[in-house]
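> For the protein sequence lines, the chains are X and U, in the order given.
Each residue of the first sequence is one higher than the last, beginning at 54 in my numbering.
Each residue of the second sequence is one higher than the last, beginning at 54 in my numbering.
Heads up, the beta-carbon is just placed ideally off N, CA and C, and yes, glycines get one too.
Computed from a prediction, not measured in an experiment: that's the story for all the values here.
Protein chains: 2
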Amino acid sequence: MTSLIPSTRDRLVLNAALLFRQKGYHGVGVAEILARAKAPKGSLYHHFPNGKADLALAAADWASAQMQRVAADAFETAKSFDAGATTFCFKLAKLFDLSDHWDGCPVSSTLFEGPQNQAFREKAASVFSGWIDQIAEYGRAAGLPRDIARDRAEALFIGLEGAWVLARALKTSGPIKRLPRLLGFAPGSGDG
Amino acid sequence: MTSLIPSTRDRLVLNAALLFRQKGYHGVGVAEILARAKAPKGSLYHHFPNGKADLALAAADWASAQMQRVAADAFETAKSFDAGATTFCFKLAKLFDLSDHWDGCPVSSTLFEGPQNQAFREKAASVFSGWIDQIAEYGRAAGLPRDIARDRAEALFIGLEGAWVLARALKTSGPIKRLPRLLGFAPGSGDG
DNA sequence: CTACGTGTAGACCAATCGGTCTAATCCCAG
DNA sequence: CTGGGATTAGACCGATTGGTCTACACGTAG
Chain X
54 MTSLIPSTRD RLVLNAALLF RQKGYHGVGV AEILARAKAP KGSLYHHFPN GKADLALAAA
114 DWASAQMQRV AADAFETAKS FDAGATTFCF KLAKLFDLSD HWDGCPVSST LFEGPQNQAF
174 REKAASVFSG WIDQIAEYGR AAGLPRDIAR DRAEALFIGL EGAWVLARAL KTSGPIKRLP
234 RLLGFAPGSG DG
Chain U
54 MTSLIPSTRD RLVLNAALLF RQKGYHGVGV AEILARAKAP KGSLYHHFPN GKADLALAAA
114 DWASAQMQRV AADAFETAKS FDAGATTFCF KLAKLFDLSD HWDGCPVSST LFEGPQNQAF
174 REKAASVFSG WIDQIAEYGR AAGLPRDIAR DRAEALFIGL EGAWVLARAL KTSGPIKRLP
234 RLLGFAPGSG DG
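(1) Output, in chain order, the set of chain U residues within a Cβ distance shorter than 8 Å of A177 of chain X.
(2) Please classify C142 of chain X: does DSSP put it in a helix, a strand, or coil?
(3) Looking at A127 of chain U: is its Cβ nearer than 9 Å to the Cβ of A138 of chain U?
(4) Taking three-plus beta-carbon pairs below 8 Å as touching, is the segment 89-105 of chain X in contact with the segment 183-198 of chain X?
(5) According to DSSP, simplified to helix, strand and coil, what is I201 of chain X?
(6) Cutting at 6 Å between CB atoms, please list the residues of its own chain near V66 of chain X, excluding the five before and the five after it.
(7) Report yes if the CB atom of R203 of chain U is closer than 9 Å to the CB atom of K224 of chain X, and no otherwise.
(8) Closer than 8 Å by beta-carbon distance: list the chain X residues that pair up with P228 of chain U, in chain order.
(9) Using a Cβ-Cβ distance cut-off of 9 Å, determine whether G183 of chain X contacts chain U.
(10) Please list, in chain order, the chain U residues whose beta carbon lies closer than 8 Å to that of L235 of chain X.
(11) Given a threshold of 16 other Cβ atoms within 10 Å of its Cβ, counted over all protein chains shown, does T130 of chain X qualify as buried or as exposed?
(12) Using a C-beta to C-beta distance shorter than 9 Å, which residues of chain U count as neighbours of E214 of chain X?
(13) Just how far apart, CA to CA, sit S152 of chain X and W217 of chain U?
(14) For R62 of chain X, which of X:G82, X:K76, X:V81, X:L87 has the nearest alpha-carbon?
(15) Grouping DSSP H, G and I as helix and E and B as strand, with all else coil, what is I52 of chain X?
(16) Taking only runs that begin and end inside the segment 205-237 of chain U, name each unbroken alpha helix (DSSP H) of 4 or more residues, in chain order.
(17) Indicate, with yes or no, if the ligand NAP has a heavy atom lying under 8 Å from the CB of A220 of chain U.
(18) For a contact defined as C-beta to C-beta under 7 Å, what are the partners of Q121 of chain X on chain U?
(19) Ignore the nearest five residues each way along the sequence and tell me which others in K94 of chain U's own chain have a CB closer than 7 Å to its CB.
(20) Whole angstroms is fine: what's the gap from R231 of chain X's alpha carbon to C142 of chain X's?
(21) Taking the alpha-carbon of H154 of chain X as reference, which of U:L209, U:S226, U:Q171, U:D150 has the nearest alpha-carbon?
(22) Determine, for Y78 of chain U, whether the minimum Cβ-Cβ distance to residues of chain X falls below 9 Å.
(23) Considering Cα atoms alone, identify which of U:S162, U:V123, U:R89, U:G196 is closest to N68 of chain U.
(24) In three-state terms, what does DSSP make of T163 of chain U?
(25) Give the list of continuous beta strand (DSSP E) stretches no shorter than 3 residues that lie fully inside the segment 98-146 of chain X.
(26) F165 of chain X CB to nearest chain U CB: under 9 Å?
(27) Report buried or exposed for P233 of chain U, applying the criterion of at least 16 other Cβ atoms within 10 angstroms of its Cβ.
(28) Please check if any C-beta of chain U sits within less than 9 Å of the C-beta of W115 of chain X.
(29) Looking at V83 of chain X and L97 of chain X, is the spacing between their C-beta atoms short of 9 Å?
(30) Spatial neighbours of V123 of chain U within its chain, please: CB distance less than 8 Å, with the 5 preceding and 5 following residues excluded, ordered by chain position.
(31) For the alpha helix (DSSP H) holding A84 of chain X, just list the boundary residues, first then last.
(32) Which residue comes first and which comes last in the alpha helix (DSSP H) that contains N68 of chain X?
(33) Tell me which same chain residues have a C-beta within less than 8 Å of the C-beta of P59 of chain X, skipping the five on either side of it?
(34) Can you tell me the Cα-Cα spacing of F165 of chain U and Y78 of chain U, whole angstroms?
(35) For the segment 186-199 of chain U, list every residue whose C-beta sits within 9 Å of some C-beta in chain X, in sequence order.
(36) Any beta carbon from chain X within less than 9 Å of G157 of chain U's own beta carbon?
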């Protein structure tokens, strides 16, 4: 069972994920993460011997899992792939609004603004591939051919990443909400 | 006429733009910018009294202008809006490959990883709106109705931002090159 | 010549950075 | 109880951060 009080390690990962998403890897100091997690420095370097970089990789995994849960919520109750994609976008638009119209892709913020090393890039590649695979699987389950499902999943991913960027600049979730229509997922918008 | 030796101010903006694009606002120190621009600290704070923040805003403008030149090159010689959009994507894919498959949107890197203040967000909004307006204008010039042109322009922008993200993670310009097809701009791909 | 505004040059500063290290504490095994 | 690994606690470190400040070089106006 899960404890009501998260472990020190979990508090570190959770708060790191939130902060990295808001301010980017270099925009957050370990001191700030430690303060929010109410953990001393020794604990950080005990659980993550490589320090901030290790923590960022763990935070990216945590954020990825959370995003996949949102996707699962949307797609697994939907009557069609298009309906699932639409619900997914609207759920993310809602979360975006709740973050003062600021939070975009947690993985981009965490990994792309960090050191340009191979580990970070590979982690980003594996996380993003995982998302696209997951969404493509929902397409398959809804009866789409394999390559069509993959194309639709990639389109949704790309559209979402782009919409996050525009939404942040314009301070409105409009682009995210319009995404289903733009991609042809919305009812009456085309070949969906 | 333009001098062969750029002014100190121009060297600062140019090098800041390149570095911010690669490493994000917080990922670059003023010392690094100064070293590349071969300028002393006093010059930076003479030309940009607010220091790094002012420089980032100027760098965003510079990067924006450069991007608009690429768009102009692509669209103004194209026979149709769709052809222009396709050429634009391929030009950007080429530039992406030349940057070791790394450089994405220069404005996102420069402004979104910086301090979350209003000035930065508003600058991003005005720059992105400028891009979309410009592309929509090419659509208008090619005979598209106003609202259709705007929709297509926004779709291209969103797709491009998203493709940059995926391309960086996967270390391939594939997503950028496939964008015209994904958006229905490529020949034989739909209603374009 | 002097006077002055623009811009260059870099020493210098407090604050913060990520990281190391030792000591103390906790908790279970025996 | 004792022993000992796991974890917490935070002082401490050198390096780097963005920014300030003074000195001076340069060109032009008077």
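Quick answer:
(1) R221, A222
(2) helix
(3) yes
(4) Result no; under three Cβ-Cβ pairs closer than 8 Å.
(5) helix
(6) Here the set comprises A111, A112, W115.
(7) no
(8) E207, I211
(9) no
(10) D204, E207, A208, I211
(11) With fewer than 16 other Cβ atoms within 10 Å, it is exposed.
(12) Within chain U, the residues near E214 of chain X are I211, E214, G215, A216, W217, V218, L219.
(13) 24 Å
(14) For the residues X:G82, X:K76, X:V81, X:L87, the minimum Cα distance to R62 of chain X belongs to X:L87.
(15) The structure shown does not extend to residue 52 of chain X, since chain X is modelled only from 54 to 245, so the question has no answer here.
(16) 227-235
(17) The ligand NAP is not among the ligands present in this structure, which contains no ligands whatsoever.
(18) The contacting residues do not exist; Q121 of chain X stays about 16 Å from chain U at best.
(19) L87
(20) 9 Å
(21) U:Q171
(22) yes
(23) U:R89
(24) helix
(25) none
(26) Interface residue, yes.
(27) buried
(28) no
(29) yes
(30) F141, K144, L145, L148
(31) Counting along the chain, the alpha helix (DSSP H) containing A84 of chain X begins and ends at 83-90.
(32) Counting along the chain, the alpha helix (DSSP H) containing N68 of chain X begins and ends at 61-76.
(33) L67
(34) Taking the straight line joining both Cα atoms gives about 8 Å.
(35) none
(36) yes
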